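Some notes on the structure that comes next.
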Amino acid sequence: MGIDTPGVVALLGAHSVGRTHCVKLVHRLYPEVDPALNPGHVEHMLYKCPDAIPDPKAVQYVRNDRGTPMKLDNNYYRNILDNKGLLIVDHQLATDKRTKPYVKKMAKSQDYFFKEFSRAITILSENNPLTGTKGEIRKQCNVANKLH
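According to UniProt numbering, the sequence shown is numbered sequentially starting from 1.
Right under this line is the structure:
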């Protein structure tokens, strides 16, 4: 596809906007709290997701970025460096030796984040999806259709 490491790190910065439903993150809270999480953030997560087995139809969620929840900015990177990422992938992005240098750079420079995000989105937009017998468009992003 042609997206390099800084591009992937930038695309995950889209986690800056929106929210994560409790059903997607309770495994980091129950039965034991993931020790990688910032303790101050855990308190907020437990308040927003009080049930170990949340109702999947309930609208229980945690904002991905409490500071600027509906703004695409580089605050996401500062959060994950401070162990406030909600998803495992957020934690991995901030700790993996291949991606951490880019996370740090994007945390320091919103201009760099925007430049890399724009470049990666352009690459994505120039790729045509494989269809028919050559590929599939997933009905649920995290599960192959055959398993769905």
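Every residue gets a Cβ at the ideal spot worked out from N, C-alpha and C, and that includes glycine.
Here the structure is a predicted model, which means the values were calculated and not measured.
7 Å CB neighbourhood of residue i in its chain, flanking five on each side removed
i	result
GLY2	ILE123
GLY67	ASN75
Coil, strand or helix - residue i by DSSP
i	result
residue 166	Past the edges of the chain, shown from 1 to 148, lies residue 166, and the structure says nothing about it.
VAL8	helix
THR133	helix
VAL59	coil
Selection from the options that minimises the alpha carbon distance to residue i
i	options	result
CYS141	ALA10, LYS24, SER16 and VAL17	LYS24
VAL9	HIS21, THR133 and SER118	SER118
ASP82	LEU72, ALA94, LYS71 and PRO6	ALA94
Whole-angstrom distance between residue j and residue i, CA atom to CA atom
i	j	result
LEU29	LEU46	7 Å
PHE113	ARG19	20 Å
ASP65	LYS84	9 Å
SER16	HIS41	16 Å
GLU136	VAL143	12 Å
LEU130	LYS139	14 Å
For the structure I just gave you, are there three or more beta carbon pairs, one from the region 30-46 and one from the region 104-118, closer than 8 Å?
Touching, no, given that fewer than three Cβ pairs across the two stretches are closer than 8 Å.
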